[in-house]
Every structure is written in structure tokens, then in C-alpha cells.
Amino acid sequence: MGNSRDVGLKTLLLRFEYRSHETVLARDLYARCLPLSVSLDRAVGFFSSGSLAACPDSFREFFDRRGVMRVVCSPILDREDIDAVLRGYRDRPALLRDPCLALLDGDRSCVLRGMRKVLAWLVAAGLIDLQIAVLTGSQSNHLYHEKLGVFGDSEGQAVTFSGSANETLSALEANFESVDIFRSWNADEQRRALEKIRHFESLWRDETEGVEVHPFPRAANLGLLLARPDWQQLPTVSTDRLDRMADVTQVGRIPNVEEFLRIPSDIRLRDHQRSAIRAWFRNKGRGVLAMATGSGKTITALALSAKLYESLGGPILIVIICPFLHLAAQWMEEADRFGLSPVLCAINQQQWYEPLSSILFSLSSGKRQLASIVVSNATFASKAFQTVLQRAPGRTLLIADEVHNLGAETVRLQLPPSMPFRLGLSATPERKYDASGTRAIREYFGEDIFRYPLEQALADGVLCKYFYHPILVQLADSEFDDYLELTRRIGRLLAVGEDAEDSPMLQSLLIKRARLLATAKGKIPKLTETIASLIHTEHNLVYCGDGTVETATDASIVRHIDAVVTALGKGLGMRVARYVADTPLTKRTKLRQQFREGTVQALVAIRCLDEGVDIPEVRRAFLLASSTNPRQFIQRRGRILRRAPGKDFAEIYDFIIEPPVEAMRQTDGLFSVTRRLFSRELERIYEFASLAVNGPEAVGRLLPLRDQLGLLDYQVEGDHGES
6 MGNSRDVGLK
16 TLLLRFEYRS
26 HETVLARDLY
36 ARCLPLSVSL
46 DRAVGFFSSG
56 SLAACPDSFR
66 EFFDRRGVMR
76 VVCSPILDRE
86 DIDAVLRGYR
96 DRPALLRDPC
106 LALLDGDRSC
116 VLRGMRKVLA
126 WLVAAGLIDL
136 QIAVLTGSQS
146 NHLYHEKLGV
156 FGDSEGQAVT
166 FSGSANETLS
176 ALEANFESVD
186 IFRSWNADEQ
196 RRALEKIRHF
206 ESLWRDETEG
216 VEVHPFPRAA
226 NLGLLLARPD
236 WQQLPTVSTD
246 RLDRMADVTQ
256 VGRIPNVEEF
266 LRIPSDIRLR
276 DHQRSAIRAW
286 FRNKGRGVLA
296 MATGSGKTIT
306 ALALSAKLYE
316 SLGGPILIVI
326 ICPFLHLAAQ
336 WMEEADRFGL
346 SPVLCAINQQ
356 QWYEPLSSIL
366 FSLSSGKRQL
376 ASIVVSNATF
386 ASKAFQTVLQ
396 RAPGRTLLIA
406 DEVHNLGAET
416 VRLQLPPSMP
426 FRLGLSATPE
436 RKYDASGTRA
446 IREYFGEDIF
456 RYPLEQALAD
466 GVLCKYFYHP
476 ILVQLADSEF
486 DDYLELTRRI
496 GRLLAVGEDA
506 EDSPMLQSLL
516 IKRARLLATA
526 KGKIPKLTET
536 IASLIHTEHN
546 LVYCGDGTVE
556 TATDASIVRH
566 IDAVVTALGK
576 GLGMRVARYV
586 ADTPLTKRTK
596 LRQQFREGTV
606 QALVAIRCLD
616 EGVDIPEVRR
626 AFLLASSTNP
636 RQFIQRRGRI
646 LRRAPGKDFA
656 EIYDFIIEPP
666 VEAMRQTDGL
676 FSVTRRLFSR
686 ELERIYEFAS
696 LAVNGPEAVG
706 RLLPLRDQLG
716 LLDYQVEGDH
726 GES
């Protein structure tokens, strides 16, 4: 085989049209493009495994290089191909132990005899991904019959084609066919090429109007598949001719393909994700992945699960624990991409108890090889769930998202000692001021076996670069007396050696002070002044306060968020929506969609966007309140820096209360307390600025204030508070 790894599709001299009176598609197009491609996408009326026999050497080279073929086709397939694809899903671990691409090296008759075995292996390996298209509405009795193809190379270039040819042996080498070619690098053809790519991607994501596209297992479960006779038994009849014959039969619903597990064909793991997976396997299936927010922990964990299933086979159970319902919903969506259909265990026991008991019985009886569960922390700790979980098979993988939350005593005592495989995920695994909780996490899940800090994610381009803008805000006169009294009382406790971790009184005072600063009256005018020049922009996020005051029982915070929404909505005419703890899950999903589309320009949130929520479209974040707890501000920053199409950079506007330095100097002992508390603010400010594009400039804005406080030679000090 030639060394085609270092050249791309641009090196080919291609015709504008391939027509059978002077060309053969298999020989003149496929055999030339496949060795230079990393992907082949086909949207066709008919697909058959026989297409691989049209140019087996080229397909062998393509798949040897881990090229991926995605196919969208009508429900009409050869019965033997249907069985082969189903084997690829059902028997995946066993099939992967016996690679069979060498069958493509034999003579024509050997290749044809081995096609179904090759197809099953390619499906199991994730190198062929098949989806079924059916028409909807008034056209539902008709056939999806499009003919579209895209070869893609490692340089991002593409050769697209459309015309009469299906993805069958007859079409590629025997029928009279014609296809037109559009190259992505050719100025005259680029628009058409990109249009073809967009059409296929829309189909693949099931976003094309008038067509429903189903992953093959779902189509089988729904009874959508139609079987036609084996084309090899009808040598004088074209496969494509069969769509006009009364030979197809309804297959009916096919059971036992409820769940499979493999890495989706459209996911390419990054180097750091592969390194994390290797580290976990080297550590014998235990450990914590300390990966920056936004660097792909969920994908890494599910890919790791797929690798474990490949290695061990079934029966195997995957249990995913999430601290919040909105995270559970996101895990359900991602798990579906990998082929899983988890039982969601949360809220109402009646909704999950019987389904969970059923799948565990099926696993233990050998009727099922794979099952998955997504469970909230609260449900996981419940007696009912723990009782059912005792029936889990010996091969169980426990995945804990935001694993630091499991250090709480009510949850950590329920972690089952029998689970052989354990994986913890968190950007910040350590529990602030809770050494025993952190120790419990380490003892159960193991140490941090892989670290991927934010600075590395930025350097690798996994997260987008950002600009940091600290904005100083002064207290109003009416707020000064409360600020003075709280600072005085905090100072007294600090003077006698009180520590925030051990002193409920000091902790309470710090929280009250934080609430005062978070809802300071001057922040809203500063916000409207700052955002006035951005009122026509989209993808803005405003953080209004800490989650500890995220209920209607705390009127100050509720009034503050209402005031922010009013100032931006009525005052500036922006399209704004609240996103808070009591926002129903269905409405949250709709809000995130409206935010992506720009229907909502700004989300105004409290703490419920801190952990795990995936809204990569955020371009600008306005922090009216920020805890100095590293977990919160690290997670917030990572959430803002997630990549999205067209997002080259992000901006963070940090609203910081300027301490009344001169007033504090005039009151005995308060200057040193003010200085000490603000040094904790500087820890967060420096952390944000340290990796920002404009870091030195951002820190420079605070030079006069640092000079007044004697913090030019700043060193991080003791206690914590909020701005």
C-alpha cells in the first residue's frame, strides 16, 4: 500500500463529472479518493455490503487508517446485511477480538463471501456507522432516495459528489450512472461543496425537514427495517432494481438491541483524553481525572466505558452519579450518542424502581450483556436505590461526575465497596475546608491519576483564549454602616484566632458580608454602563449571586436578580431570561436552545450554571458576585471558555467592590482586616488575570488600590469571602 498519509485530496486531478460511458465510479473515483481520505459520508436510497467489493484494496487501506464511513439510507436492506449490522452491535466485544479486514485481500469470490463478516466487524469497530432515513408527513409512504457523497481528508478538504449512484456494488461498477463533482478547494465549486457537506450533516443530526433519521439499533427496535432478497442470489437483477419490485418484507421489531456502547463516529478523542483513558487502565480501573472544566470529561468517561466493554465483554453495568438533575439530563443525552439507554433514577421512585430491577435481573440471568444507569446523588444515597444496587453484576463501573460532592458524609457512607471499577471526575477534586471528605474520596476512588489544568487546555486550543476586565464598584453611603459593622465583628473573631472552617459565627458573618457585597447597589448601574455598547450582541451571561441564597426566602438576592433583569430588559431593551434553581428542567432546556439561537441575548443566573452545565456559546460573562472558593471561580471560567463554532475568544467582566480604604484607616483595627479580606479577592483576580490575553493590563488597573492597601507585594493570605 502506498504512503498516502502525508498527501490529501487536493493532489488529485478530477473530472467535473463521472459518467459510465467513459468512467467507472469504483475505479476512477473511489479507488483514487479513498486512500487519501479519513472519512466517507454517503446519503443514499440503498446501501449494501457489496459496495466494499467494488474496490476492496482501496477500502482496506481506508479502514486500516481508521477511516470512518457514515451512511444514511432508506430502510430497505439485504436481510443478510441487516443481520450483519445487528451482530456488529450485539456482539461487539467478541467481534473486535477477531479483526477480519484481511478478507478484503482475497480474490473476487472470497471478498464477496466475506462481505457480511467484514461489515459486522466494521460496525463493531465504529468504522461504519449506519442510520436509517424515513419520510414523514404526507410523504411517509414514499422512499428516501437521495444520492450524495463526501470524501474528507485530514487537511479539512473535501470532494463531494451527487447524482444517480447508490452505495451498492451494482452502482459503483455495473449500472449506467452519472455523478457531478464539487471540490472544496476550488473557488468555482466551493459553495456547492460546502452546501453538500451541510446537507449531509443536517441529515446525520436529524435536522432535515420532512425526514426522520434513526440510528440503526433504534430503527430495528421501532420495526422500521425492510428486508429484500440477497442480491448475491439474484445475479441478473440489480440491487437498485429491487426497490421497484414487490420483494421487500417487513422485518418487524427486533428485540435485544436496546443498548450498545461504542465511541460515535463523529467524535475524535483528543490526545489528553486518550492519555487520561490509558492512565485509568494502567491504574487497574481506579482513579480520579482532574481535568479542566470544558476539556471533555464526559466524553472521556464514556469513551473509557466503551474501551472497558471492548476489553471485558458483558455482562457489565455502568452507573453514573450526578449531583444535580440538569447534569443527569446532560449525561442522558451524551450517553445516547454512545449507544446507551440509561435508566434515569431521580425524583420519583415509582418511575425507576421497576425498570432498574428489570435490567439488573436481565444482566444477572444472561439475557442482557450491557446496561446503564444515571442517578442523582440524593437518589443514590437512598435506601431503596442501595437495596436494588446490591443486585449489580460483578462487572460494574461507577462513574462519579463532580466527584468532590461525594465527599459529603451523607453520600460517601453509601459508596458500595463491591464496585470493581471506579472513576471520579472533577476540575477541582479537593473539598475546601473538608479534609475528611477529600480523604474519603481518595480512599474510595483513588488518587488523581491524570491532571489536565486549564493552562494546558488553553495552550492546546481545547479551550478558547479570553480577556479579563476587572471593574471596581464603590459602596453606596447607605451600605457603608452595615459593611463597617460586619468588618468590625469579623476582625474581632480573627483577632482571637478564629478560623472560618471551625467557627460557625465567623462563617455566618463572612456570608452576610458576601451578600452585602454581591447585591451592592452600585453594581447594576456599572453593569448597564458596561453593557450599553453591547446591547445588540448575543450569548451574554450574567451571574447575580451565590447559590447559597438561591431561594425566595432571601429577599435581597431575589430583588437583586429582578433588578438586573429589569435593568437589562426594560432599561436597555435586551432579550433577557432568568436561569435559576427553580427553573423547571424542560424550561432550562428551552432557554439554552433560545440562547444558542440568539432568541435570548442574555441569561441571568445564580449558582445553577456553576457545575456541569454545557453552554459553550457564551461569549461574555458578567460576574456581579464571585466566591473566592477556588472551585466556583475555576468552574465558572472553564464554562465560559468552552469552544463553539465562530467563537474565537471570550470576555470576562468581574465587578469588584472597592474597599473604603480611607474610612477603614480612621477606624482602629479595621484597615488590617480590610487588607486581609481583600487579599483573598486578589487570589481570584490574579488567577483570572494570569492566563488572560490581557493579563498584565488587567492587573495594572488595580495598582492604585493595591498601593493604598499595601498589597503591591501581594501574597495570598488566609480567610475567604466574596465580592
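The opening position of the sequence shown corresponds to residue 6 in the numbering used here, with each subsequent residue numbered one higher.
Here a beta-carbon is modelled for each residue, glycine too, at the ideal position from N, C-alpha and C.
Q: Tell me, to the nearest whole angstrom, how far the beta carbon of Pro-729 is from that of Ser-63; I am working on the premise that it is less than 8 Å.
A: Nothing in the structure corresponds to residue 729, since the chain is present only between 6 and 728.
Q | Residue from Phe-485, Ile-661 and Leu-402 with nearest C-alpha to Tyr-473 | A | Numbered from 1 along the sequence shown, position 468 holds the residue referred to as residue 473. If we check each option's Cα against that of Tyr-473, Ile-661 comes out closest.
Q) Under 8 Å between the Cβ atoms of Arg-396 and Ser-369? A) As a first step, residue 396 is located in the sequence shown; it is residue number 391 there, counting from the start. As a first step, residue 369 is located in the sequence shown; it is residue number 364 there, counting from the start. Closer than 8 Å, so yes.
Q) Near Arg-197, which residues of its chain fall below 8 Å by C-beta distance, leaving aside the five closest residues on each side in sequence? A) In the sequence shown, the residue the question calls residue 197 occupies position 192. The answer, listed in chain order, is Thr-165 and Phe-187.
Q: From the DSSP output, in three-state form, read off Thr-173 for me.
A: Sequence index remark: in the sequence shown, residue 173 carries index 168 (1-based). Coil.
Q) Run through DSSP, which three-state label would Leu-480 get? A) Counting from one through the sequence shown, the residue named residue 480 turns up at place 475. Looking at Leu-480 - three-state DSSP - the assignment turns out to be coil, as it is neither helix nor strand.
Q.
Please state the DSSP three-state secondary structure of Thr-28.
A. As a position in the sequence shown, residue 28 is number 23, starting the count at 1. Three-state DSSP puts Thr-28 in coil, outside helix and strand.
Q. Which residues in the same chain have their Cβ closer than 8 Å to the Cβ of Leu-57, if we skip the five residues on either side of it in sequence?
A. The residue given as residue 57 occupies position 52 in the sequence shown. Hits under 8 Å: Phe-64, Leu-109, Val-116, Met-120, Val-123 and Leu-124.
(Q) Assuming contact is defined by CB atoms lying nearer than 8 Å, are Gln-374 and Gly-290 in contact in what I supplied? (A) For this step, residue 374 is matched to residue 369 along the sequence shown. For this step, residue 290 is matched to residue 285 along the sequence shown. Against a cut-off of 8 Å, the Cβ pair of Gly-290 and Gln-374 comes out as no contact.
Q: Give the straight-line distance between the Cα atoms of Ser-159 and Phe-205, rounded to the nearest whole angstrom.
A: If you number the sequence shown from 1, residue 159 lands on position 154. If you number the sequence shown from 1, residue 205 lands on position 200. The alpha-carbon atoms of Ser-159 and Phe-205 are separated by roughly 18 Å.
Q: Give the straight-line distance between the Cα atoms of Arg-641 and Ile-326, rounded to the nearest whole angstrom.
A: Residue numbering aside, residue 641 sits at position 636 when the sequence shown is read from its first letter. Residue numbering aside, residue 326 sits at position 321 when the sequence shown is read from its first letter. Those two C-alpha atoms are separated by around 21 Å.
**Q.** Cβ neighbour criterion (16 or more within 10 Å) applied to Gln-335
**A.** In the sequence shown, counting from the first residue as 1, residue 335 sits at position 330. Looking at its Cβ environment, which holds 16 or more other Cβ atoms inside 10 Å, Gln-335 is buried.
(Q) For Cys-38 and Ala-351, what's the separation of their Cα atoms in angstroms? (A) Counting from 1 along the sequence shown, the entry for residue 38 is found at position 33. Counting from 1 along the sequence shown, the entry for residue 351 is found at position 346. Using only the alpha carbons, I get a separation of about 50 Å.
Q) When DSSP builds the beta bridges, which residues end up paired with His-474? A) Taking the sequence shown and counting its residues from 1, one reaches residue 474 at position 469. Note: His-474 sits in a beta bridge opposite Tyr-658.
Q) Within this structure, are the beta carbons of Arg-97 and Val-76 separated by less than 8 Å? A) As a first step, residue 97 is located in the sequence shown; it is residue number 92 there, counting from the start. As a first step, residue 76 is located in the sequence shown; it is residue number 71 there, counting from the start. Cβ distance not < 8 Å, so Arg-97 and Val-76 don't count as in contact.
Q: Go ahead and pull the three-state DSSP assignment for Ser-167.
A: Along the sequence shown, read from residue 1 onward, the residue named residue 167 stands at position 162. Look at Ser-167 here: in three-state DSSP terms it is strand.
**Q.** Segment contact flag, the region 67-83 with the region 137-151, C-beta cutoff 8 Å, min 3 pairs
**A.** yes
Q. Any idea if His-277 is buried or exposed, counting beta-carbon neighbours within 10 angstroms, 16 or more meaning buried?
A. Reading the sequence shown from its first residue, position 272 is the one you call residue 277. By the C-beta density criterion, His-277 is buried, having at least 16 other C-beta atoms within 10 angstroms.
Q. Within the 8 Å Cβ cut-off, does Ala-568 reach chain B?
A. The question asks about chain B, but that chain is absent: this structure has only one protein chain.
**Q.** Whole-angstrom distance between Ala-523 and Asp-486, CA atom to CA atom
**A.** Residue numbering aside, residue 486 sits at position 481 when the sequence shown is read from its first letter. Residue numbering aside, residue 523 sits at position 518 when the sequence shown is read from its first letter. Approximately 16 Å, taken between the alpha carbons.
Q: May I ask you to report which of helix, strand or coil DSSP gives Met-579?
A: The residue labelled residue 579 in the question sits at position 574 within the sequence shown. In the structure shown, Met-579 falls within a coil segment according to DSSP collapsed to helix, strand and coil.
(Q) Report the CB separation of Leu-546 from Val-623 in whole angstroms; it is logged as a contact under 8 Å. (A) Position 541 of the sequence shown holds residue 546. Position 618 of the sequence shown holds residue 623. About 5 Å; that satisfies the 8 Å criterion.
Q. If we ignore side chains and look at the alpha-carbon of each, how far apart do Arg-283 and Asp-134 end up?
A. By 1-based counting over the sequence shown, the position of residue 283 is 278. By 1-based counting over the sequence shown, the position of residue 134 is 129. Answer to the nearest angstrom: the Cα atoms are 25 Å apart.
Q.
Using 8 Å as the threshold, is the C-beta distance between Pro-347 and Ser-377 below it?
A. As a working mapping, residue 347 is identified with position 342 in the sequence shown. As a working mapping, residue 377 is identified with position 372 in the sequence shown. Yes, the Cβ-Cβ distance between Pro-347 and Ser-377 is below 8 Å.
Q: Determine the closest residue to Gly-685 out of Lys-652, Ser-631, Phe-221 and Leu-511, with distance taken between C-alpha atoms.
A: Within the sequence shown, the letter at position 680 stands for residue 685. Position check: residue 685 holds Arg in this sequence, whereas Gly was assumed. Arg-685 has its Cα closest to that of Ser-631, out of Lys-652, Ser-631, Phe-221 and Leu-511.
Q. Would you call Leu-596 buried or exposed, if buried means 16 or more other Cβ atoms sit within 10 Å of its Cβ?
A. Here residue 596 refers to the residue found at position 591 when the sequence shown is read from its first residue. Leu-596 is classed as buried because its beta carbon has at least 16 other beta carbons within 10 Å across all chains shown.
Q: Have a look at Gly-700, Ala-649, Leu-18 and Val-90 and flag the residue whose alpha-carbon is nearest the alpha-carbon of Leu-230.
A: Working through the sequence shown from its first residue, we reach residue 230 at position 225. Closest by alpha carbon: Val-90.
Q: State yes or no: is the C-beta of Leu-4 within less than 8 Å of the C-beta of Leu-498?
A: Nothing in the structure corresponds to residue 4, since the chain is present only between 6 and 728.
Q. Quick one, which of Arg-342, Glu-448, Arg-267 and Gly-299 has its alpha-carbon nearest Val-293's?
A. For the purposes of this step, residue 293 is identified with residue 288 of the sequence shown, where counting begins at 1. When each option's Cα is compared against that of Val-293, the closest is Glu-448.
**Q.** Rounded C-alpha distance that separates Asp-718 from Phe-627
**A.** On the sequence shown, residue 718 is found 713 positions in, with the first residue counted as 1. On the sequence shown, residue 627 is found 622 positions in, with the first residue counted as 1. The straight-line gap from Cα to Cα measures roughly 28 Å.
Q) Which first and last residues belong to the beta strand (DSSP E) in which Val-1 is found? A) The shown model of the chain, from 6 to 728, leaves out residue 1, and the question about it has no answer.
Q) In terms of residues, what are the limits of the beta strand (DSSP E) holding Ala-405? A) The residue given as residue 405 occupies position 400 in the sequence shown. Where Ala-405 is concerned, the enclosing beta strand (DSSP E) stretches over 401-405.
**Q.** Bounding residues of the beta strand (DSSP E) (the contiguous stretch that carries Ile-186)
**A.** Taking the sequence shown and counting its residues from 1, the one referred to as residue 186 is at position 181. First-last of the beta strand (DSSP E) with Ile-186: 183-188.
Q: Could you give the DSSP three-state label for Cys-115: helix, strand or coil?
A: Position 110 of the sequence shown, counted from the first residue, corresponds to residue 115. Cys-115 falls in the helix class under three-state DSSP.
Q.
On the criterion of 16 or more Cβ atoms from any shown chain inside 10 Å, does Ser-143 qualify as buried, or is it exposed?
A. Along the sequence shown, one-based indexing puts residue 143 at 138. Exposed: under 16 other Cβ atoms inside 10 Å.
Q | Pro-589, DSSP secondary structure in three states | A | Counting from 1 along the sequence shown, the entry for residue 589 is found at position 584. Three-state DSSP puts Pro-589 in coil, outside helix and strand.
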